[in-house]
Amino acid sequence: MHNKIQIKRNKNVFIIALIRNSYYNEVVTNYYLLEGKSMKKNKTIVVVLLLIAMTASLFTGCGKKYETLATGIEGDITVMLWSGSGTYMEDLGHQNLAPADLKGQNEAAVYALAKKFNETYPNIKINVYAKVGGPHDNETPWAQELENFKAEYGKYPDIYASTDLSGDIARGMVADLSVFSNDPIYKSFNPSIMKMMNYYGFQAGLPQFIQPWGVYVNKELAEQNNIDIPPIDWNIDEYTAFATSGDNKNFWGAMDIPMSFINTGTKDINYSLVNYSGKGDHVNLTSDAVADLLEYIPKWSKSAIWTQNDVGEVPVEVMETNGWWGFNFFKNGLCLSLDGDPWMMGDAANPTPGHWGTVQSNDWDIYPRPSTDYQENTIGIVLDPMAIHNYAMDDGSPEWVEEEKQKLQVAYTFAAFWAGSTDAVRARAEQLWTDQGVEKTALNDSLPLVTGEKFDEQMEIWYSTTTHQRFADTNKMPGFQKVLELWEKGQFWDISDKTYPYYVMEDGTRREANYEWAYIYNKDITGALRTDPNWLDQVKAKIPDWNKKINERFDLAQQQLKDGLKEFYGFTDEDFTKK
């Protein structure tokens, strides 16, 4: 909760005159232990307890019991997503639809959620619009899709999947959910995941999709070619030995260079971004650790499909047959490892005969990322956030009135049910939809957001679906069990480009803050191919300049975020100083 504290002082004690949440204009209570100067002589401590709640609020205030919505409350919520049929579907909870009526998994999921939610809140209408394809397909950016929705339906969606959460804050579009921090469901959420959507105390979203990002390993392919299978807690040298063991004709070691291992393998890149203090550089690409890990790239390039394709060593027909896609190469038994496409895990494990995405191997697993001399084994994180509309700005004023507060709590209650309720997980698992004539579960590969016993409870439901049963088998998937262990421990320090302040406008173009580093494979940027003998020297010579530009862009992205927090949410410069 974002508070301003006004302090007055007399010669003996400090008196707290007012504690106010500037965003919701509420007075809240706190305890302070203060000592006046003259009291040191008398060795006396004065405890100043201000326990007077000056105003009541719909929201709970610090330390109060969370007040749930009355079950008879009326409301109207529209959810906007992608990967759907492109049809606006109204009041789903009061429809009776067959699997054949549901053509998209996201729509089927919201239908199942709405049906269950309406058992408790029958007067809240749940609508959904899910765009066909991905968020930016048809040459229309997702931000424009949101504007198109408003133009057609007269308002922004109440809950929507975001592709740029920090940018949405900068535009004043999203509500701060930290006002619900006393909600028992909110308290059950994984703090490491929630932190990825929290900006100086402003909780901008909840996950719509979350997943650990590990490394696919084809152990059967290795065994068939007398290649040693690395241990689950492998290090980067063991990965290197494994990923350079392809014969480069029938199979390769990897699809591409795993830059993710470098990004999370030191304390100078993603770890530094996650733990940025607000001062100094955001990343340090000039560190000895980064230079050390860059030395692996020429080695990895010898048996990676993309680097070998760059020099014409992979037949065009092989690339075309596999759709130029890493997951196809892995599932077809053409590479020993794959550090990408974690969102394909359900298709990879689908046991349905003839399913297009099933991995053609009897022994494969998902490992954590290898350890380095600078970091332990870890995982990446796939995070698609969902945000709730900032109703306060509907009248052009950032101040909240009671009607706006109620709309926010209605939307939050549904979003929290979606993100954290075991009933919600079960409803999606049991709901079927139709994909090209085949019935499938509406429960996707997203893992539970909750922790502790609730996590175990929801994972049992997750494991119950056809596409996830393999992952419950500790004999088949010991690596995945290690991935889950790291997930529950919070042993990850990855960022999501959908949540981190990551994009800036440069020369009229939206650009990643780490542009040069992100496109380190591009000869136009580096001056050489990764297989060229001079590639490493070329990159190391350019890194000081890249480091400067990248940190300047991250500064700009952070400033855009701060400006939005000040303009729309009442923050001041003091709020950006970490204690």
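Heads up, the sequence shown is in this note's numbering, so the first residue is 2 and it goes up one at a time.
Every residue gets a Cβ at the ideal spot worked out from N, C-alpha and C, and that includes glycine.
Note that the coordinates shown come from a computational prediction; the quantities given were computed from them, not determined experimentally.
- Taking every protein chain shown into account, the CB of E120 has fewer than 16 other CB atoms within 10 angstroms, so this residue is exposed.
- Inclusion of S167 and Y501 in the CB contact set at 8 Å is warranted, their separation being smaller than that value.
- Here W365 carries a strand assignment [DSSP, helix/strand/coil].
- Annotation for S246: A223, N226, I228, G254, S304, L337 place their beta carbon closer than 8 Å to its own, counting only its chain and skipping 5 residues before and after.
- Cα atoms of V175 and N124: separation of roughly 24 Å, rounded to the nearest angstrom.
- Where M346 is concerned, the enclosing alpha helix (DSSP H) starts and stops at 346-349.
- The beta-carbon distance between A144 and Q209, rounded to whole angstroms, is 17 Å. This is too long to meet the 8 Å contact definition.
- A distance of 8 Å or more separates the beta carbons of E454 and P100.
- Between the stretch 130-140 and the stretch 74-92, the count of C-beta pairs closer than 8 Å reaches three or more; the two stretches touch.
- The criterion of a C-beta distance shorter than 8 Å is satisfied by Y122 and L70.
- A255 sits in a strand when the DSSP states are folded into three classes.
- Just so you know, the alpha carbons of P545 and W325 end up roughly 33 Å apart.
- Your pair Q459 and T423 checks out as a contact, with CB atoms roughly 6 Å apart and the cut at 8 Å.
- Per DSSP, N219 is one residue of the beta strand (DSSP E) stretching across 216-219.
- In the three-state scheme derived from DSSP, where H, G and I count as helix and E and B as strand, T435 is classed as strand.
- L339 and Y217 do touch by the CB rule: their CB atoms are close to 4 Å apart, below 8 Å.
- A direct Cα-to-Cα measurement between L487 and F577 gives close to 30 Å.
- DSSP places T79 in the strand class (E or B) of the three-state scheme.
- Assigned with DSSP and collapsed to three states, H390 falls in strand.
- Under the three-state reduction of DSSP output, K280 falls in the coil class, being neither helix nor strand.
- Look at T265 here: in three-state DSSP terms it is coil, with no helix or strand label.
- Judged by DSSP in its simplified three-state form, L103 adopts coil rather than helix or strand.
- Between D366 and M478, the C-beta gap is smaller than 8 Å, which places the two residues in contact.
- Judged by beta-carbon spacing, V80 lies within the 8 Å limit of P158, meaning their Cβ atoms are closer than that value.
- Rounded to the nearest angstrom, the Cβ distance from T308 to I258 is 7 Å, consistent with a contact under 8 Å.
- Counted as a single uninterrupted DSSP element, the alpha helix (DSSP H) harbouring R554 occupies residues 536-570.
- Contact between S273 and N285 holds, since their C-beta atoms are separated by about 7 Å, short of 8 Å.
- When Cβ pairs closer than 8 Å are counted between the two stretches, the stretch 545-560 is seen not to touch the stretch 326-334, the count staying below three.
- Under the three-state reduction of DSSP output, V129 falls in the strand class.
- With respect to the 8 Å criterion, G334 and Q361 are classified as neighbours on the basis of their beta carbons.
- Spanning the alpha carbons of D138 and Y520 requires a straight line of approximately 22 Å.
- The Cβ neighbour count for R511, taken over all protein chains shown within 10 Å, is under 16; the residue is labelled exposed.
- Beta-bridge annotation (DSSP): Q309 is not paired with any residue.
- Residue range 510-513 is occupied by the beta strand (DSSP E) that includes E513, with no alpha helix (DSSP H) assigned at that position.
- Secondary structure of V315 (DSSP, three-state): coil.
- The three-state reading of DSSP puts I298 in helix, counting H, G and I together.
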